[in-house]
Amino acid sequence: QPVSPLIDWEDALDMVEGDVELLHSLVETALEEVPELMAQVRNAMQAGKLHEACQLAHTTKGALLAIRAIRPAESAVALEAALKANESAPAHNWLVKLEDQFQQLSHVVSSHM
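Just so you know, we're using this note's numbering here: the sequence shown kicks off at 686 and counts up by one.
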């Protein structure tokens, strides 16, 4: 199975009908929002508030999908599923993976924009 791209630029550009400035604006917004959301997920998990963490993971997934950040969004989906199932150890692993992928995404985006 091929590895999903960190971000699908072609699909993202299609989504905004080729408006590069709009895409850059959306990506910048996501790059600001997602780290805050991930921190809130981590805090909620540490406080044992898995339901709250699950809702935050869902929001994180949406923010990533909005810019077609495919691979991190897949990790957010898995994180949300683990939290929904009250599986805190797998959820923690998915959060770490998501944070790592987001770092990679930030580097890719900054070199692309």
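Note that CB positions come from ideal geometry on N, CA and C, so glycine has one too.
None of the values given here were measured: they were computed from a predicted structure.
query, result
"Excluding the five sequence neighbours on either side, which residues of its own chain have a C-beta within less than 7 Å of the C-beta of Asp785, listed in chain order?", "none"
"Can you look up Ile752 in the DSSP assignment and give me helix, strand or coil?", "coil"
"Return the chain-ordered ranges of every alpha helix (DSSP H) run that is complete within the stretch 710-780 and spans a minimum of 4 residues.", "735-751 and 755-769"
"Just mark Glu765 as buried or exposed, buried being the case when its beta carbon has 16 or more other beta carbons within 10 Å.", "buried"
"Under three-state DSSP, which class holds Leu707?", "helix"
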